[in-house]
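Engineer: First the structure, which I've put down as structure tokens, then a few questions once you've had a look.
In this note's numbering, the protein residues as written are 24 to 109.
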């Protein structure tokens with residue numbers, strides 16, 4: 024969801040830029056789903072899917088900045104703005 028605003032404005036909008044989160048790529052979720060559906064032994068099992076590390080959105084933006092070679096401003100949203108935007 025950030026790509027368009029980074030390209031157009033150089034901005035990422037976030038209500039919680041400093042809260043660490045654990046992300047997981049959708050392909051990783053798909054790989055697990057395929058395994059569970061096609062292999063025996065998963066009946067009734069519960070799996071917790073998570074990424075490799077907790078990282079804040081501010082740190083994610085820093086990694087993007089380093090990758091693209093330009094600065095990105097973080098615009099902190101209120102909780103109400105966050106609910107309205109997305």
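Positions of the beta carbon are idealized from the N, C-alpha and C atoms, including for glycine. Quick caveat: nothing in here was measured; it's all calculated off a predicted structure.
#1: State the CB to CB distance for the pair residue 34 and residue 96, rounded to an integer number of angstroms; the pair is presumed to be in contact (CB under 8 angstroms).
#2: Run the CB neighbour count on residue 80, radius 10 Å, all protein chains shown included, and call it buried at 16 or more, exposed below.
#3: Taking the CB atoms as reference points, tell me whether residue 65 and residue 57 lie closer together than 8 angstroms.
#4: Give the DSSP-derived three-state secondary structure of residue 88 in the structure shown.
#5: Are the beta-carbon atoms belonging to residue 74 and residue 42 less than 8 angstroms from one another?
#6: Span of the beta strand (DSSP E) holding residue 98?
#7: So if DSSP puts residue 44 in a beta bridge, which residue, or which two residues, is it bridged to?
Structural biologist: Quick look at the numbers:
#1: Locating residue 34 in the chain shown gives position 11, counting from the first residue. Locating residue 96 in the chain shown gives position 73, counting from the first residue. Going by Cβ atoms, the distance from residue 34 to residue 96 rounds to 5 angstroms, so yes, they are a contact pair.
#2: As a first step, residue 80 is located in the chain shown; it is residue number 57 there, counting from the start. Answer is buried; the Cβ neighbour count reaches 16.
#3: As a position in the chain shown, residue 65 is number 42, starting the count at 1. As a position in the chain shown, residue 57 is number 34, starting the count at 1. No, they are not a contact pair.
#4: Working through the chain shown from its first residue, we reach residue 88 at position 65. Helix.
#5: As a first step, residue 74 must be located in the chain shown, where it is residue number 51. As a first step, residue 42 must be located in the chain shown, where it is residue number 19. Not a contact, by the Cβ cut-off of 8 angstroms.
#6: The sequence position of residue 98 within the chain shown is 75, counting from 1. It spans 96-99 - the beta strand (DSSP E) in which residue 98 sits, taken as one unbroken run.
#7: Position 21 of the chain shown, counted from the first residue, corresponds to residue 44. As DSSP reads the structure, residue 44 sits in a beta bridge with 78.
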